[in-house]
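A.B. asks: If you count by our numbering, then the sequence shown holds residues 3 to 127, one letter each, in order. Every residue, glycine too, gets a C-beta built ideally from N, C-alpha and C.
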Amino acid sequence: MPAAGRSPLSAPFAHRELNGEILLEELADLREADVRQRQLEECAAALKSLSGLRATEAMAKLRQLASGRFQSQPALAGLLLRWAAKLRTDADVTALAQHFRQLAIVGALIGVLRRGDRVVGGALR
């Protein structure tokens, strides 16, 4: 049950695979679209500023980021817009910022593993 004064997460943000299978699928799509780790980290950092915003305000900010700062990366901009459309409650805003932080962290970890695999000559394949 949510804390007093806090709205519950809407279905997309309460999904148990949000930071599991969904996250990995999003990372694969971003990698395929050649979105760099640095861009993903910049996006996650930008979403930290959403904390404390109402869902409607966060939606507007996400649209602004997608059409401005991240428009040169259509896959990343599209992901921002898709998640913006799913925001329903104020608690979703924090969950979304955390999700993008997780995307950046897991993306960095996967990058380290790939570089390590190249160093050992693909022994992990």
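Under 8 Å between the Cβ atoms of Phe15 and Asp92?
C.D. replies: Start at 1 with the first residue of the sequence shown, and residue 15 comes out as number 13. Start at 1 with the first residue of the sequence shown, and residue 92 comes out as number 90. Contact flag unset, no.
A.B. asks: Below 8 Å CB to CB, which residues in the same chain sit around Ser53 once its five sequence neighbours on both sides are set aside?
C.D. replies: One-based indexing of the sequence shown puts residue 53 at position 51. Result list for Ser53: Val95, Thr96, Ala99, in chain order.
A.B. asks: Would you call Leu64 buried or exposed, if buried means 16 or more other Cβ atoms sit within 10 Å of its Cβ?
C.D. replies: Your numbering for residue 64 matches position 62 in the sequence shown. Per the 10 Å Cβ criterion, buried.
A.B. asks: Is it buried or exposed, Glu34, if we count other Cβ atoms within 10 angstroms and call 16 or more buried?
C.D. replies: Translated into the one-based positions of the sequence shown, residue 34 becomes position 32. Burial call: exposed.
A.B. asks: Taking 8 Å as the cut-off, does the region 56-75 touch the region 23-30 (at least 3 CB pairs, one atom from each stretch)?
C.D. replies: Short answer: they don't touch.
A.B. asks: Between the region 80-90 and the region 106-115, are three or more C-beta pairs nearer than 8 Å?
C.D. replies: Judged by Cβ distances under 8 Å, the region 80-90 makes no contact with the region 106-115, as fewer than three pairs qualify.
A.B. asks: For Arg56, which residues in the same chain have their Cβ closer than 8 Å to its Cβ, ignoring the five residues on either side in sequence?
C.D. replies: Position 54 of the sequence shown, counting from 1, holds the residue named residue 56. If we look at Arg56 and ignore the five residues flanking it on each side, its Cβ neighbours are Asp92, Val95.
A.B. asks: With distances taken between CB atoms, is the gap from Leu83 to Cys45 smaller than 8 Å?
C.D. replies: Residue numbering aside, residue 83 sits at position 81 when the sequence shown is read from its first letter. Residue numbering aside, residue 45 sits at position 43 when the sequence shown is read from its first letter. It is not a contact, given that the beta carbons lie outside the stated cut-off.
A.B. asks: Using alpha carbons as the reference points, say which of Gln41, Leu11, Ala13, Pro10 lies closest to Gln73.
C.D. replies: Position 71 of the sequence shown, counted from the start, is the residue given in the question as residue 73. Looking at the Cα atoms, Gln41 is the closest of the given residues.
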